[in-house]
Amino acid sequence: MPPATPHINTPPPLAPPRLHGLDLLRALAIVLVFTYHYALFVSGEPTFGWVSTLGWTGVDLFFVLSGYLIANQLMAGFRRGGELSLPRFYGRRLLRTLPSFYVVLALFWLFPVAMGGRPPPPLWRFLSFTQNVGLPPGTAFSHAWSLCIEEQFYLVLPATLALGWSLKRHRRALAWTMIGLLTVAACAWRDHLWQLYGREAEGAVALYHPHLYYASLARLDEFLPGVAVALLKHGHPRAWLRLMASPRVLLALGLAACVTMGALLLDGYYINGYGYGRAMTALGYSLNAWSFALLVMAALAPAGPLARVVVPGAGALARWSYALYLTHKPVGYLMIQPMAAVGIAANAWTAIPVVTLACLLGGWLLHRLVELPFLALRDRWLPTQFLSPGRATTGDSRSAQHA
Numbered sequence: 011m012p013p014a015t016p017h018i019n020t021p022p023p024l025a026p027p028r029l030h031g032l033d034l035l036r037a038l039a040i041v042l043v044f045t046y047h048y049a050l051f052v053s054g055e056p057t058f059g060w061v062s063t064l065g066w067t068g069v070d071l072f073f074v075l076s077g078y079l080i081a082n083q084l085m086a087g088f089r090r091g092g093e094l095s096l097p098r099f100y101g102r103r104l105l106r107t108l109p110s111f112y113v114v115l116a117l118f119w120l121f122p123v124a125m126g127g128r129p130p131p132p133l134w135r136f137l138s139f140t141q142n143v144g145l146p147p148g149t150a151f152s153h154a155w156s157l158c159i160e161e162q163f164y165l166v167l168p169a170t171l172a173l174g175w176s177l178k179r180h181r182r183a184l185a186w187t188m189i190g191l192l193t194v195a196a197c198a199w200r201d202h203l204w205q206l207y208g209r210e211a212e213g214a215v216a217l218y219h220p221h222l223y224y225a226s227l228a229r230l231d232e233f234l235p236g237v238a239v240a241l242l243k244h245g246h247p248r249a250w251l252r253l254m255a256s257p258r259v260l261l262a263l264g265l266a267a268c269v270t271m272g273a274l275l276l277d278g279y280y281i282n283g284y285g286y287g288r289a290m291t292a293l294g295y296s297l298n299a300w301s302f303a304l305l306v307m308a309a310l311a312p313a314g315p316l317a318r319v320v321v322p323g324a325g326a327l328a329r330w331s332y333a334l335y336l337t338h339k340p341v342g343y344l345m346i347q348p349m350a351a352v353g354i355a356a357n358a359w360t361a362i363p364v365v366t367l368a369c370l371l372g373g374w375l376l377h378r379l380v381e382l383p384f385l386a387l388r389d390r391w392l393p394t395q396f397l398s399p400g401r402a403t404t405g406d407s408r409s410a411q412h413a
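Residue 156 in this note's numbering sits at position 146 of the sequence shown; the count goes up by one each step and never skips.
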């Protein structure tokens, strides 16, 4: 590796104004996940109706947001002529994700029965972010599977983008070709896995989650729509400006696509007596992610409704979303017995505000006591992931995700 270019450690630039649209989408993602896990681990029934049934798609939205936010930061730095430092990039990522993750992981290991779930995989699987490989549903801290896939994505993306950006010719065409080919390959792979694990016959669906739903190769393509949004922004700036001038059209298309996908998933994702739908397994995950990408584009339009309308509480949920994701499931499980002691059934409507407030408190405490201090250390020790002359880039919204 060539020696780093000497530079003066100047402070990083001020973070750009928060984009309320990204806050809203991130808040929506954690709300969807909460409703899904509430039904599975608290009430035992779809308390929020079809929202609970489709709540798992909140993870898809998180994947798309992560793909955009990280790719946007990297491409913005490349456009400024910055030289990416992989040690700095990974150092910033580790200070962002590991402290809160380790705190919750330690609690699961110290109090496995109280935190809920069957015995977890070996500790080294969590530490190496391979817990999602062959993961049986219902194990303790099982929702960390998506964090494993995110870390695997972060392991590959920066070097891949840096290599692609270094090409002098045809780099945009190559990037779009790769996004297309990887998406098609993921759909084909899920179709193959469906033939093995998709039907109820002979109990094959028992292996659907370990080998497909939680599997890296079957889900990594859901980051690609977010990467595509960043590529459109930085690789085709004039086309991007034209799109940003039509925010209502983008929002209408995004909502129409998401509503259509929601209806299709409700009807064909799982069919009682048959198993998981083949089309929804092979194509549904990808199409759902691309639908969310349209909403991300609508949220990025400065004059659009999503960017201009401030929804009370969305900013807080966005800031706490990582901590909430880590803590909401065990906190919800922990509340069942105390509520029963005072006569509140887990499936009663009166349980909803109690569990919701407890989860918000748990997420806020983890965010305030662990996440924020380490983010401050990160910004002090590693203010940028680029070497001179391209300085730090914080993306569109640090508050939407401390990426």
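All C-beta atoms, glycine included, are put in the ideal place defined by N, C-alpha and C.
Values in this document were obtained by computation on a predicted structure and should not be read as measured data.
Here G287 carries a coil assignment [DSSP, helix/strand/coil].
Under the rule that a run must span 4 or more residues, the alpha helix (DSSP H) segments found entirely inside the segment 295 to 381 read 295 to 310, 315 to 318, 324 to 344, 346 to 351 and 361 to 376.
Counting the other CB atoms within 10 Å of its CB gives Y284 a total below 16, which places it among the exposed residues. Judged by beta-carbon spacing, A356 lies within the 7 Å limit of V52, meaning their Cβ atoms are closer than that value. With contacts defined by Cβ atoms closer than 7 Å, Y279 and Y218 do not form a contacting pair.
Nearest neighbour of S301 by Cα position, chosen from L275, A317, W330 and Y335, turns out to be L275. For secondary structure counted as the alpha helix (DSSP H) over 4 or more consecutive residues, the segment 146 to 209 holds these complete runs in sequence order: 155 to 176 and 181 to 207. When C-alpha distances from P146 are compared across W155, P340 and F121, the shortest belongs to W155. Rounded to whole angstroms, the gap between the alpha carbons of V113 and H47 is 21 Å. The residues S301 and L304, in chain order, have a CB closer than 6 Å to that of A267 in the same chain once the five nearest residues on each side in sequence are set aside. When DSSP states are grouped into helix, strand and coil, E55 belongs to the coil group. Taking the Cα positions, L376 is about 44 Å away from E212. Here S176 is exposed. Its C-beta has fewer than 16 other C-beta atoms within 10 Å. The three-state secondary structure of F72, taken from DSSP, is helix.
DSSP places R258 inside the alpha helix (DSSP H), whose first and last residues are P257 to G278. Rounded to the nearest whole angstrom, the C-alpha separation of E232 and L79 is 14 Å. In this structure L385 is in contact with R106, their Cβ atoms being roughly 7 Å apart against a cut-off of 8 Å. The bridge partners DSSP lists for R128 are T149.
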